[in-house]
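Below is one structure, written out as structure tokens; the observations come after it.
Residue numbers (my numbering), protein chains in the order written: chain A, 410 to 877; chain B, 410 to 877.
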């Protein structure tokens, strides 16, 4: 490609061969089912990747029904978009050189034992790799679990547990492959959909800021989960982060905050752990939503994936059980949200609808009112119409009697324009079909009250606030 | 009973008719499947309660195959131990009077609309109820979801979702029935066993201090979960709490900390919310382990239910994935635990066992070592034998390749005397039989790293520390 042609490409164009390839070469394909070179090929086939797939191994033959090519050069056709590489470190520069000649503009390198070893040899090898790749090839890794783009039915990783993962709009960029996949598993288990997920590993030629820039332009991504152990380029990171968080909520998690972990972080993916307070400040300046656990990241991402952001921070809680409603209100306030003050008109309607022996204010203890469908619909509609309410949290412990609050929500789902989250659970052996239907309607459910509160908070934080 | 005879009874004896009755009367039994008086009878039958069951309803007849008695007095035999009462408030004093005459020494009253209404009428009714019950009858409620004692196959509540709940050693005392059952559902879903679970409601004649005293003596209870909205008797609470927490770990959670919730708390079960800081101080003085979410209560309870307490606060982390291991170490340190400094002998052994390209220190990044059973066993045994290690945390993202760390733990389970917790997950559609086996061996597993860290922390906090 000429320099002129390259300059006209958008960021999305530059990353397209990596994330949306028309063809993938697997360099280091293996017929041994215990090897990464076999698992990875299985993964590429699993979601029925629609592009061309070229296993590469000097021995040739056939693996999993696919013809194996002895070299990258021997692959038919003019070019290959993406190479997944599972070969020893010393071979990588020449493999990348071959890939570049074949027109590859994306590579995923799972090989470890390079820069993260802290040796001059590892460092030098990665520098040679970056040179061999040239300016146009985007590399994820080395020392990565790989990358998935569920939006393109592409799994170029050695994680072989993702058959049931649905396509969706949550993208994850992590330093650690294990951490990435723990979260992808949780999202999958909750039925939430993922677009892209990757661990950046040693960041041979693309780093966090590059991905932040790309995800801002990526139409398939609506919410970003970011897991950071160490940052090498704080200024670029903040700049790219601000551009991204103007457009999409970014849930961030900085780990490795204790001195005892500096060595572990450095030897993990070669990142400088740096002073935790500086890095936390960088995440804040970038306008990200700071969280402190993978559990919170997953819970918040599901809410932001499904629901519109809240226009303000005033919440209303409806529940037939007072105790969980108090917990939700307590947690929301601890996180910085405010209980909505209902308008006089709302109060008047609620007084006529909700059992006066339990109704006091916000939270609304619905008690027996939740055992009746019509009153539940009217109560919920009244709260949803109140201009003082920005976010609605419905909670009901699973119990057949009180299910009408959830049925009312299902009934009104298309009409409520404000964000809604639900706390309800599914006891072992007792199906909760309303919870399933709510998830299908893109209303997230959480099995414990504090988790619903955290999700509501994330919806209120989705408008970026930059801090100096 | 004479005063002399009553004085010789232990606390456990006094509560026996309530928690371990030989016979139960259901006052307000109903043949209408939508009514509490029917659901409750179904519940009493569900776990095959081995005692005698007497439904009471003036209409007589038969419900669910059981003969219905027209009155409490008409029940055959000399006495009934426990009465579950689901009748309107104004009838309660005379029903309790009848129960007392029939020798009942336990009652569970689910009726609401009494003291929590804040009316003189409700207050007066509860005072008359306490008088009618006399000095020997222990009352849970009114305004409660009820009580279960899985150790006695007894479900005297209207929560009909607990068929799959296993007997175990965790007991829950809560202010809110909904909150209680959210947590019981989670414990059930994780396969953890429960002994007693109850919401105290309006605390007509037994309150938190009484239950704390009782649970200290209850042989079926090893761990206590306590959910408090408001305390009425701080001095008695602290005294009874200290006696209990000397013997058993108590996980406590104080909610309702914001002024906006004072009204909600008061109208919920008639408790004075009081100044949150005073109440938090009371829980601390009682030697309880303070937590801030139902999720943490459940996670910590599972660890304390299964594992021995830690002798100190020095933890070791083993994982084939560095990222999750860093998160665990980070979280443990944030909670106040210390990374163990391995002895020179341990370090030497680890250097020979673990891949030198990944092994640095603690956390131990096992990488490929976890793909081999023998080395995994030796690595784990080496760490477990180190005198500087008090708690062991094993983590592995589910992946067939790295399962040998979990297999090693299963192999060594009987020999390791120190507490162990595990982080591993079960992706949808991919069974993780090792995780199931670990739970059977009473080694708790958590699907995300921070949750395993919290469990480890709880094991280190299980030795009570009283604070002035």
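Using N, Cα and C, we set each Cβ at its ideal position, and we do this for glycine too. All values reported here derive from a predicted model rather than from experimental measurement.
Within-9 Å CB hit, residue 877(A) to chain B: Along the first chain, read from residue 1 onward, the residue named residue 877(A) stands at position 468. Its pLDDT being 45, under 50, residue 877(A) is placed unreliably in this model, and the coordinates cannot settle the point.
Going by C-alpha to C-alpha distance, which of 533(B), 777(B), 590(B), 765(B) sits closest to residue 386(B)? Because chain B is modelled from 410 through 877, residue 386(B) falls outside the range shown and cannot be assessed.
Hey, could you find the ends of the alpha helix (DSSP H) residue 652(B) is sitting in? Position 243 of the second chain, counting from 1, holds the residue named residue 652(B). First-last of the alpha helix (DSSP H) with residue 652(B): 643-656.
Element boundaries [alpha helix (DSSP H), containing residue 593(A)]: Here residue 593(A) refers to the residue found at position 184 when the first chain is read from its first residue. Note, residue 593(A): alpha helix (DSSP H), 586-598.
Test: residue 550(A) CB closer than 9 Å to a CB of chain B: Locating residue 550(A) in the first chain gives position 141, where the first residue counts as 1. Not closer than 9 Å to any Cβ of chain B, the Cβ of residue 550(A) fails to qualify, so no.
Residue 877(B) to residue 692(B), Cα distance in whole Å? Numbered from its first residue, the second chain carries residue 877(B) at position 468. Numbered from its first residue, the second chain carries residue 692(B) at position 283. With a pLDDT of only 43 at residue 877(B), under the threshold of 50, the placement of this residue in the model should not be trusted; the figure read from the coordinates follows. Using only the alpha carbons, I get a separation of about 11 Å.
Residue range of the alpha helix (DSSP H) that includes residue 740(B): Mapped onto the second chain, residue 740(B) falls at position 331. Residue 740(B) -> alpha helix (DSSP H) spans 731-744.
Using beta carbons (cut-off 9 Å, strictly below), is residue 573(A) in contact with chain B? The residue labelled residue 573(A) in the question sits at position 164 within the first chain. Judged by the 9 Å Cβ criterion, residue 573(A) is in contact with chain B.
Sort out for me which residues DSSP pairs residue 841(B) with in a bridge. Stepping through the second chain from its first residue, residue 841(B) is reached at position 432. In DSSP, residue 841(B) forms no bridge with anything.
Beta-carbon proximity check, residue 523(A) vs residue 551(A), cutoff 9 Å: Within the first chain, residue 523(A) is the residue found at index 114, counting from 1. Within the first chain, residue 551(A) is the residue found at index 142, counting from 1. Taking 9 Å as the Cβ cut-off, residue 523(A) and residue 551(A) qualify as a contacting pair.
Within the chosen definition, does the stretch 581-597 of chain B reach the stretch 537-547 of chain B through at least 3 CB pairs nearer than 8 Å? no
Enumerate in chain order the residues of its own chain whose CB-to-CB distance from residue 466(B) is below 6 Å, with the five nearest sequence positions on each side excluded. In the second chain, counting from the first residue as 1, residue 466(B) sits at position 57. Contacts found: 438, 477.
Span separating the alpha-carbon of residue 871(B) from that of residue 834(A): Position 462 of the second chain holds residue 871(B). Position 425 of the first chain holds residue 834(A). Whole-angstrom Cα-Cα distance: 29 Å.
Among 662(B), 729(B), 670(B), nearest to residue 696(B) - alpha-carbon criterion: For this step, residue 696(B) is matched to residue 287 along the second chain. Checked all of 662(B), 729(B), 670(B); the closest Cα to residue 696(B) is 662(B).
What residue ranges within the stretch 681-728 of chain B form continuous alpha helix (DSSP H) runs of no fewer than 4 residues, ordered along the chain? 685-694, 703-715
So what does DSSP say about residue 452(B), is it helix, strand or coil? To locate residue 452(B), count along the second chain from 1; it is residue 43. DSSP places residue 452(B) in helix when its eight states are reduced to three.
Rounding to the nearest angstrom, what Cα-Cα distance links residue 703(B) and residue 824(A) in this structure? Taking the second chain and counting its residues from 1, one reaches residue 703(B) at position 294. Taking the first chain and counting its residues from 1, one reaches residue 824(A) at position 415. Using only the alpha carbons, I get a separation of about 32 Å.
List the residues of chain A whose Cβ lies closer than 8 Å to the Cβ of residue 858(B), in chain order. Counting from 1 along the second chain, the entry for residue 858(B) is found at position 449. 588, 591, 703, listed in chain order.
Identify the contact partners of residue 837(B) in chain A, using a Cβ-Cβ distance below 7 Å as the criterion. Residue mapping note: residue 837(B) aligns to position 428 of the second chain, counting from 1. The contacting residues are 573, 597, 598.
Please confirm whether any heavy atom of the ligand MG lies closer than 8 Å to the CB of residue 457(B). Absence of the ligand MG is noted for the structure shown, with no ligands found whatsoever.
With distances taken Cα to Cα, identify the nearest neighbour of residue 792(A) among 808(A), 767(A), 442(A), 757(A). Walking along the first chain from the start, residue 792(A) turns up at place 383. Residue 757(A) is the option with its Cα nearest to residue 792(A).
Would residue 441(B) be called buried (16 or more neighbouring beta carbons within 10 Å of its own) or exposed? Numbered from 1 along the second chain, position 32 holds the residue referred to as residue 441(B). By the 10 Å Cβ count, residue 441(B) comes out exposed.
Name the residues in the stretch 737-759 of chain A whose C-beta lies less than 8 Å from a C-beta of chain B; which are they? 738, 739, 740, 742, 743, 748
Taking a cut of 9 Å between CB atoms, which residues from the stretch 490-521 of chain A lie near chain B? 521
Out of 840(B), 778(B), 447(B), which has the shortest C-alpha to C-alpha gap to residue 811(B)? The count along the second chain starts at 1 and reaches residue 811(B) at position 402. Comparing Cα-Cα distances from residue 811(B) to each of 840(B), 778(B), 447(B), the minimum goes to 778(B).
Assign residue 478(B) to one of three DSSP states: helix, strand, or coil. Counting from 1 along the second chain, the entry for residue 478(B) is found at position 69. Looking at residue 478(B) - three-state DSSP - the assignment turns out to be strand.
If you draw a straight line from the alpha carbon of residue 457(B) to that of residue 562(B), how long is it in whole angstroms? On the second chain, residue 457(B) is found 48 positions in, with the first residue counted as 1. On the second chain, residue 562(B) is found 153 positions in, with the first residue counted as 1. For residue 457(B) and residue 562(B), the distance between alpha carbons rounds to 7 Å.
Would you please state the rounded distance, in angstroms, between the beta carbons of residue 535(B) and residue 598(B)? I believe it to be under 8 Å. Here residue 535(B) refers to the residue found at position 126 when the second chain is read from its first residue. Here residue 598(B) refers to the residue found at position 189 when the second chain is read from its first residue. Not confirmed; about 36 Å, so no contact.
Distance, Cα to Cα, residue 532(B) vs residue 520(B)? Within the second chain, residue 532(B) is the residue found at index 123, counting from 1. Within the second chain, residue 520(B) is the residue found at index 111, counting from 1. Computed Cα separation, rounded: 14 Å.
Could you tell me the distance, in whole angstroms, from the CA atom of residue 861(B) to the CA atom of residue 737(B)? Locating residue 861(B) in the second chain gives position 452, where the first residue counts as 1. Locating residue 737(B) in the second chain gives position 328, where the first residue counts as 1. Taking the straight line joining both Cα atoms gives about 7 Å.
With DSSP as the reference, please indicate the residues paired to residue 493(A) in a beta bridge. Within the first chain, residue 493(A) is the residue found at index 84, counting from 1. Paired residues: 435(A), 517(A).
Could you tell me if residue 510(B) is buried or exposed, where buried requires 16 or more neighbouring beta carbons within 10 angstroms of its beta carbon? In the second chain, the residue the question calls residue 510(B) occupies position 101. Under this definition residue 510(B) is an exposed residue.
Looking only at its chain, what residues have a beta carbon closer than 6 Å to the beta carbon of residue 755(A), apart from the 5 residues adjacent to it on each side? The count along the first chain starts at 1 and reaches residue 755(A) at position 346. If we look at residue 755(A) and ignore the five residues flanking it on each side, its Cβ neighbours are 791, 795.
Taking the C-alpha atoms as reference points, what is the distance between residue 839(A) and residue 788(A)? Numbered from its first residue, the first chain carries residue 839(A) at position 430. Numbered from its first residue, the first chain carries residue 788(A) at position 379. About 27 Å.
Compile a chain-ordered list of the residues in the stretch 611-634 of chain A whose CB is closer than 8 Å to at least one CB of chain B. none
Check the C-beta distance from residue 538(A) over to residue 505(A) and give it rounded, since I have them as a contact under 8 Å. Residue numbering aside, residue 538(A) sits at position 129 when the first chain is read from its first letter. Residue numbering aside, residue 505(A) sits at position 96 when the first chain is read from its first letter. Between residue 505(A) and residue 538(A) the Cβ distance is about 6 Å, and since that is below 8 Å, they are a contact.
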